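Asks: Positions 1 to 366 (full-length UniProt numbering) are the ones given, in order, by the sequence shown.
For reference, the structure I am asking about is given below.
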Amino acid sequence: MKLITRICWALLGIVFIFSGLIKLNDPVGTGLKLEEYFEVFAQDFGSFFLVFRNAARTLAIILSTLEVVLGVALLLRWYLSKTLWVLLALLVFFGFLTFYSAAFNKVTDCGCFGDFLKLTPWASFTKDMILLGLWVVVYRGQRYLRHSYARGQLGVVYITVATAVSAGIGVYALGHLPYFDFLPYKVGNNIGKLMQPSAPLRYKYIMTRNGTEQEFTDYPTDTTWKFKEMVALNPLDGPKITDFRVWNDEGDYTQEILKGNKLVLIVQSVERADRDRFKQINKLLLAADSSQKKILPLVVTSSSPADFDVFRHDMNLVAPVYYADATVLKTIIRSDPGFMLLQNGVVKGKFHYHDIPTRAKLEGLL
1 MKLITRICWA LLGIVFIFSG LIKLNDPVGT GLKLEEYFEV FAQDFGSFFL
51 VFRNAARTLA IILSTLEVVL GVALLLRWYL SKTLWVLLAL LVFFGFLTFY
101 SAAFNKVTDC GCFGDFLKLT PWASFTKDMI LLGLWVVVYR GQRYLRHSYA
151 RGQLGVVYIT VATAVSAGIG VYALGHLPYF DFLPYKVGNN IGKLMQPSAP
201 LRYKYIMTRN GTEQEFTDYP TDTTWKFKEM VALNPLDGPK ITDFRVWNDE
251 GDYTQEILKG NKLVLIVQSV ERADRDRFKQ INKLLLAADS SQKKILPLVV
301 TSSSPADFDV FRHDMNLVAP VYYADATVLK TIIRSDPGFM LLQNGVVKGK
351 FHYHDIPTRA KLEGLL
């Protein structure tokens, strides 16, 4: 029992630290997931939860930092009993979120491990129940964990450092870009290729006749069978990007944006976009337009044409404007505004508005 307790103790601490760090890697994405929960709760329990929506990113850093600190405290056995009770509160909270999402199909991905690992709602709930089981073993076996690795003032120092480092990781990522990009638009990826299946998709057809079901690998020619469902046999071979589309008043521009060198200024929302850097942004757009590498600058936004027209005049933007889905733009870059550099559809660079590059740097990436 002593060995089992110590294994559960180590696993519980490591999972909490890992989960927190993954979320701190991308606090904007974690904040977006919290916003999704707040909107769902506002619909089901009242508009009160919308109050928290504007603080989602701050809450993302606080909760993720708490996960890391609790994991560290557990591994150090610092005030073990009290740490375990706080862990229990967090596990119950996460368990409620994942169960609610799974039972009522509200949020399809809990964001437990950010974009590093996508879990279905029921898988997320199962994960929380396993962690709760680990907690029970550790709580009941505290007598095997009496030795603390951080007593008195030394323990306070360790926890303070863990808190400062964790929060610092999240704050820096919030003001720049994630340290590790797990999204399909990361640097080096070819958007055009990821929009295509990696292998021909194969399907099975579920048909019904006289109350019975049967599966077919080829669509039956017998018309007495009635179609019910078509299921992909190799879904992992399907396109990794399915919703990338860019357009303007003249029509679809998706294929054109994937040709040649393009410097794409992404303005997700004119209401939320930071306006302080547009003097530098305009300089870069003009510099890119005169580059010998033939870099074509353009703007992509999810705001309405009317709203963006006002914004464009306020910011003196001279680049052509195109439109895309808001969710797609949030997936492309965790910065508003932000830059994406493309070369024949390959992402050569992404830049937060706090890290606006020079033309020389753009040319060096092409």
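Cβ coordinates follow ideal geometry from the N, Cα and C atoms, glycine included.
These figures come from a predicted structure and were not determined experimentally.
For MET340, which residues does DSSP report across the bridge?
Replies: MET340 is bridged to VAL264 and LYS350.
Asks: GLY141: which of ILE333, LYS293 and LYS2 sits nearest, CA to CA?
Replies: Among ILE333, LYS293 and LYS2, the Cα nearest to that of GLY141 is on LYS2.
Asks: Of the choices ASP243, LEU24 and GLN268, whose alpha-carbon is the least far from that of TYR179?
Replies: Cα-wise, what sits closest to TYR179 is LEU24.
Asks: Could you have a look at LYS91 and say whether DSSP puts it in helix, strand or coil?
Replies: The question names Lys, but residue 91 in the sequence shown is Leu. In the structure shown, LEU91 sits in a helix (DSSP, three-state: H, G or I).
Asks: By the 10 Å Cβ neighbour count, where 16 or more other Cβ atoms means buried, how is LYS226 classified, buried or exposed?
Replies: Flag for LYS226 reads exposed.
Asks: Count the other CB atoms within 10 Å of the CB of ILE169; is the residue buried (16 or more) or exposed (fewer)?
Replies: Buried is the call here.
Asks: For LYS262, which of LEU119, VAL68, VAL137 and GLU363 has the nearest alpha-carbon?
Replies: The candidate whose alpha carbon is nearest that of LYS262 is GLU363.
Asks: Please confirm whether LEU194 and LYS240 have their CB atoms less than 9 Å apart.
Replies: Yes, these two residues count as a Cβ contact at 9 Å.
Asks: State the Cα-Cα distance for the pair SER335 and PHE52, rounded to the nearest angstrom.
Replies: Looking at the two C-alpha atoms, the distance is approximately 21 Å.
Asks: Relative to the C-alpha of ILE7, which residue among PHE38, LEU74 and PRO197 is closest?
Replies: When each option's Cα is compared against that of ILE7, the closest is LEU74.
Asks: Quick check: what's the CA-CA separation for PRO337 versus ALA164?
Replies: Cα to Cα, the separation comes out at about 28 Å.
Asks: Please go through the same chain and pick out, in chain order, the residues whose beta-carbon is closer than 8 Å to the beta-carbon of VAL136, but skip the five residues on each side of it.
Replies: So the list is empty, once near-sequence residues are dropped.
Asks: DSSP three-state label for LEU298, please.
Replies: Here LEU298 sits in strand by DSSP.
Asks: Report the option in VAL92, LEU66 and VAL321 whose CA atom is closest to the CA atom of SER166.
Replies: With distances taken between Cα atoms, SER166 lies closest to LEU66.
Asks: Quick check: the Cα distance between VAL347 and VAL300, rounded to an integer number of angstroms?
Replies: Distance between the alpha carbons of VAL347 and VAL300 is about 15 Å.
Asks: So what does DSSP say about GLU229, is it helix, strand or coil?
Replies: Strand.
Asks: Tell me the residue span of the alpha helix (DSSP H) that contains THR327.
Replies: Here the alpha helix (DSSP H) through THR327 covers 326–332.
Asks: Would the region 350–357 and the region 195–205 be scored as touching if the rule is three or more Cβ pairs under 8 Å?
Replies: Short answer: they don't touch.
Asks: From this set, SER290, ARG277 and ALA319, which residue's C-alpha is nearest ALA360's C-alpha?
Replies: Cα-wise, what sits closest to ALA360 is SER290.
Asks: At the level of alpha carbons, what is the spacing between ALA199 and PRO220?
Replies: Near 24 Å, if we compare the C-alpha coordinates of PRO220 and ALA199.
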